[in-house]
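In our numbering, each residue's number is its place in the sequence shown (first place is 1) plus 431.
The beta-carbon is built from N, C-alpha and C at its ideal position, and this holds for glycine as well.
Since we're looking at a predicted model, the values are computed, not measured.
Heads up, the thing below is written out as structure tokens.
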Amino acid sequence: MKNLIEDIGLIEPTEVEACETVKVLEDQHTGKARKLYIESYGCQMNFSDSEIVASILQNEGFDTTSDIAQADLVFLNTCSIREKAEQTVRNRLHQIQSYKKKKPEMMVGILGCMAERLKTKLLEEEKIVDLVAGPDAYRDLPKLISQVDDGDKAVNTFLSREETYGDITPVRLNSNGVTAFISIMRGCDNMCSFCVVPFTRGRERSRDPHSIIAEAQDLFNRGFREVTLLGQNVDSYKWSEVENNKARLEKAGAEKIINFANLIALVAEVHPDLRVRFSTSHPKDITDEVLYTMAQYENICKYIHLPAQSGNSRILEMMNRGYDREWYLKKVASIRTILGEDCGISSDMISGFCSETEAEHQDTLTLMDLVQYDYAYMFSYSERPGTLAAKKYADDIPVDVKNRRLEEIITKQRSHSHLHHQKDVGTTQRVLIEGESKKSTAHWQGRTSANHVAVFPKENKKKGEYVNVLIESCTSGTLLGKIVN
Ligand code: SAH
Ligand code: SF4
Ligand code: F3S
């Protein structure tokens, strides 16, 4: 079996951070005069935004290219979440200098969270940069580009209270044609003390549910079979029909307010064959109503990303997370009661937050033992300028201690992930085929409702179909099985 695993290639769920991946939008060939190369860092929000940017610039005479050497316009859509994320972008800018030398007319722009955090400072610090646009300024890009065409530098980092890009259909360029992300809100009002997002993304605002449902319906009509609803804190999704002066959504009954539970029900009703996922749920805000709605709809996947950040109540208080260890464990108990043991739960964890003692770190490990997460994204604390923690607390845990604690968290998570996959062995799981396995053209890859990745021989099935897979073996990252009737 080991050989097969190596052949097929497995995905390690415990890999430290999706935020360190880079995505480049694929080529468009619609005969536009100028070429846009766009590289995205950070979270799914940024990847989603890049598709909105491509959509806006499509109407301005730009086709995307995945070859930077061909580009007239190079955009880096950046992340500020940890110092390392920003350093990666700075290093990349130095590499881009060599392309610009060969092609001096190449325009270089910084988008996203680093643009918002550093604003005009970026123009001073990185001479190669011509254009800086924050996450709420993408509609202004045509104007900013023409400013650079005229020989000026261009900056727009205004944050909006309303912008959701709700009316812009993102061009789904790097798509597998089966799964897609739909942004349902922007910004964050939480002010977790370690986090830069409220500063880079601004105030929280929810997108019009009519446009969300229309986008889900359109994706389904085009053959997509799964949507993931995206927001920094999806449980605080809120849309007032009266406030927004719109006709009420019929299916929401008498409610004037559409909350997150109402929204997932509406999206689930688009079609029973459209799977619904969402991220991120906040432990202080997730309601039993959401859990009961998940239970009610077969097509809402039984998987919740519920970042704990720490297992210690004093640290959680300092983090300004709005819950303590007991509250968190109660939420997990509700999930288990309402959705059963099979509902996947994942977390984010931060090691070595300001003043964290060895005993408090142990609390994180024991919380992990109690919850037994399916997956986790794990980080060591990185102080971000301007955040509450940077102002109030000393970043006083030595790097080697942070790293050792992180290692302990990762090791524990790996064993729990393996345990969860082992529990699936011998069961039959409904899997949506998302595409070919990364390493074997003879195998499909897809996910179970609980978000476990399964790999199995293709038979005569097609991408986008649901199949029942008998799980025969596993690693900590992947289930291996065969299609059964
Ligand atoms: N809105 C989501 C998280 C968005 S950021 C939530 O509330 O959970 C993704 C993850 O990055 C966070 O969950 C946190 O674990 C991590 N993170 C954020 N700021 C960080 C920092 N300063 N240092 C290390 N990790 C951080
Ligand atoms: Fe950051 Fe907290 Fe908002 Fe998540 S909820 S984006 S961690 S401030
Ligand atoms: Fe990074 Fe901004 Fe997302 S800081 S994680 S790209 S919201």
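Checklist entry - How about the region 772 to 790 and the region 805 to 815: do they share at least three Cβ pairs that are nearer than 8 Å? => result In this structure the region 772 to 790 lies against the region 805 to 815, because at least three pairs of beta carbons, one per stretch, are closer than 8 Å.
Checklist entry - Nearest-angstrom Cα distance between TYR472 and THR509? => result The C-alpha of TYR472 lies about 5 Å from the C-alpha of THR509.
Checklist entry - Tell me which same chain residues have a C-beta within less than 7 Å of the C-beta of LYS531, skipping the five on either side of it? => result Non-local C-beta neighbours of LYS531 in its own chain, meaning closer than 7 Å and more than five positions away in sequence, comprise MET537, VAL539 and ILE559, ordered along the chain.
Next on the checklist: Judging by CA-CA distance, which residue of ASP480, GLU700 and SER671 is the nearest neighbour of ILE688?
Outcome noted: The shortest Cα separation from ILE688 among ASP480, GLU700 and SER671 belongs to SER671.
Next on the checklist: Quick check for students: name the residue ranges of the beta strand (DSSP E) that lie wholly in the region 844 to 915, counting only runs of 3 or more.
Outcome noted: Fully enclosed beta strand (DSSP E) runs of 3 or longer: 859 to 867, 874 to 878, 884 to 888, 897 to 905 and 910 to 915.
Checklist entry - To the nearest whole angstrom, what separates the beta carbons of THR610 and GLU657, a pair I think is in contact under 8 Å? => result Yes, they are in contact, since the Cβ atoms of THR610 and GLU657 sit about 4 Å apart, within 8 Å.
Checklist entry - Is the CB-CB distance between ARG548 and SER511 below 8 Å? => result Cβ atoms of ARG548 and SER511: closer than 8 Å.
Next on the checklist: For GLY912, count the other beta carbons within 10 Å of its own beta carbon; 16 or more makes it buried, fewer makes it exposed. Which is it?
Outcome noted: The residue is buried, with at least 16 neighbouring Cβ atoms inside 10 Å.
Next on the checklist: Please state the DSSP three-state secondary structure of LYS687.
Outcome noted: Looking at LYS687 - three-state DSSP - the assignment turns out to be coil, as it is neither helix nor strand.
Checklist entry - Which class does TYR759 belong to by DSSP, given the choice of helix, strand or coil? => result Helix at TYR759.
Next on the checklist: Could you check whether the Cβ of THR509 sits closer than 7 Å to any heavy atom belonging to ligand 1?
Outcome noted: The answer is no for THR509.
Checklist entry - Would a C-beta distance cut-off of 8 Å place CYS619 and ARG636 closer than the cut-off? => result Not a contact, by the Cβ cut-off of 8 Å.
Next on the checklist: Measuring only the C-alpha atoms, how far is CYS905 from ALA881?
Outcome noted: If you take the alpha carbons of CYS905 and ALA881, they lie about 15 Å apart.
Checklist entry - Considering only residues of the same chain and omitting the five flanking positions on each side of ASN690, which have a CB-CB separation below 7 Å? => result These residues qualify, in order along the chain: TYR668 and LYS669.
Next on the checklist: I'd like the list of long-range same chain contacts for ILE487, defined as Cβ closer than 8 Å, with 5 residues on each side in sequence excluded.
Outcome noted: So the qualifying residues of the chain are TYR569, ARG570, LEU572, PRO573 and ILE599.
Checklist entry - Just reading off the beta strand (DSSP E) that VAL416 is part of, what are its end residues? => result No answer is possible for residue 416: the residues shown for the chain start at 432 and end at 916.
Checklist entry - Would you say CYS785 touches ligand 1, meaning its beta carbon is less than 7 Å from a heavy atom? => result The answer is no for CYS785.
Checklist entry - In angstroms, rounded to a whole number, what distance separates the CA positions of GLU686 and HIS702? => result The predicted position of GLU686 is uncertain, since its pLDDT is 49 and thus under 50; no value can be drawn from it.
Checklist entry - What is the rounded straight-line gap between the Cα of ASP719 and the Cα of ARG706? => result Straight-line spacing of the CA atoms in ASP719 and ARG706 works out to 20 Å.
Checklist entry - Considering only residues of the same chain and omitting the five flanking positions on each side of ALA692, which have a CB-CB separation below 6 Å? => result Correct list, in chain order: GLU720, VAL721 and THR724.
Checklist entry - Which residues in the same chain have their Cβ closer than 6 Å to the Cβ of ASN916, if we skip the five residues on either side of it in sequence? => result Non-local C-beta neighbours of ASN916 in its own chain, meaning closer than 6 Å and more than five positions away in sequence, are absent.
Item to check | Every unbroken beta strand (DSSP E) within the region 775 to 847, with a cutoff of 3 residues, ordered by chain | outcome: For the region 775 to 847, whole beta strand (DSSP E) runs of length 3 or above, ordered along the chain, are 775 to 782 and 806 to 811.
Next on the checklist: Taking 7 Å as the cut-off, is the beta-carbon of SER741 closer than that to any non-hydrogen atom of ligand 1?
Outcome noted: Taking non-hydrogen atoms of ligand 1 into account, the C-beta of SER741 is found less than 7 Å away from none of them.
Checklist entry - Using the C-alpha atoms, what's the distance from VAL665 back to PRO444? => result Because the pLDDT at PRO444 is just 35, under 50, the model does not fix this residue reliably, and the value given afterwards should be weighed accordingly. So the alpha carbons of these two residues sit roughly 22 Å apart.
Checklist entry - With burial defined as no fewer than 16 other Cβ atoms inside 10 Å of the residue's Cβ, what is the status of ASP855: buried or exposed? => result Buried, by the Cβ-count rule.
Next on the checklist: Tell me which residues pass a beta-carbon proximity test against ligand 2: closer than 7 Å to any heavy atom, given in chain order.
Outcome noted: One residue list follows from the rule of a beta carbon closer than 7 Å to any heavy atom of ligand 2, given in chain order as CYS619, ASN621, MET622, CYS623, CYS626, VAL628, PRO629, GLN663, ASN664, THR711 and HIS713.
Checklist entry - So is ARG521 buried or exposed if we call it buried at 16+ other beta carbons inside 10 Å? => result Flag for ARG521 reads exposed.
Checklist entry - Excluding five sequence neighbours on each side, which residues of the same chain lie with their C-beta closer than 6 Å to the C-beta of LEU590? => result Contacts found: ASP567 and GLY633.
Item to check | Candidates LYS715, GLN475 and ILE735: closest to ASP805 by CA position | outcome: Selection LYS715, GLN475 and ILE735 evaluated against ASP805 yields ILE735 as nearest (Cα-Cα).
Checklist entry - If you drop the 5 nearest sequence neighbours on each side, which residues of the same chain put their C-beta closer than 7 Å to that of SER786? => result Counting only Cβ-Cβ distances below 7 Å, and skipping sequence neighbours, we find TYR824 and ASP827.
Checklist entry - Taking the C-alpha atoms as reference points, what is the distance between ARG835 and GLN793? => result Rounded to the nearest whole angstrom, the C-alpha separation of ARG835 and GLN793 is 12 Å.
Item to check | heavy atom of ligand 4 below 7 Å from ARG592 C-beta | outcome: Ligand 4 is not part of this structure, which contains only ligand 1, ligand 2 and ligand 3.
Checklist entry - Leaving out the 5 sequence neighbours to the left and right, which residues in its chain are closer than 6 Å to GLN501 when beta-carbon positions are compared? => result LYS466.
Next on the checklist: I need the straight-line Cα distance from TYR550 to GLU896, nearest angstrom please.
Outcome noted: Residue 550 is actually Lys in this sequence, not Tyr. Taking the CA atoms as reference points, LYS550 sits about 46 Å from GLU896.
Next on the checklist: Quick check: VAL602 and GLU482, are their CB atoms within less than 8 Å of each other?
Outcome noted: The Cβ atoms of VAL602 and GLU482 lie closer than 8 Å to each other.
Next on the checklist: Judging by CA-CA distance, which residue of MET799, GLU789, LEU524 and LYS889 is the nearest neighbour of ALA739?
Outcome noted: Out of MET799, GLU789, LEU524 and LYS889, MET799 has the C-alpha closest to the C-alpha of ALA739.
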